[in-house]
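Novice:
Residue numbers (this note's numbering): 364 to 433.
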């Protein structure tokens, strides 16, 4: 199992856009072979800090499912 985490900070005026984009890519990513989980989380201590978490069955699955990152 491979767990990918991506933590990032977003300007306050862009939070809604980033959440909308994340929601729009969640379903296509979750149906990729080998993707067990993919979610966006908000830091309870910093409204501008977000974290994407993905769980993949293997490095190969992550490489395939992560093609949207390029």
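The beta carbon of each residue, even a glycine, is placed where N, CA and C say it ideally should be.
Can you list, in chain order, the residues of its chain whose CB lies under 6 Å from that of residue 422, leaving out five sequence neighbours each side?
Specialist: Here the set comprises 365.
Novice: Could you tell me whether the Cβ atoms of residue 368 and residue 411 are closer together than 7 Å?
Specialist: Their beta carbons are not under 7 Å apart, which means residue 368 does not touch residue 411 by this criterion.
Novice: If you run the structure through DSSP and keep just helix, strand and coil, what is residue 418?
Specialist: Strand.
Novice: Between 395, 426, 394, 382, which has its C-alpha nearest residue 403's C-alpha?
Specialist: The shortest C-alpha separation from residue 403 is found at 382.
Novice: How many Å lie between residue 380 and residue 386 at the Cα?
Specialist: Using only the alpha carbons, I get a separation of about 10 Å.
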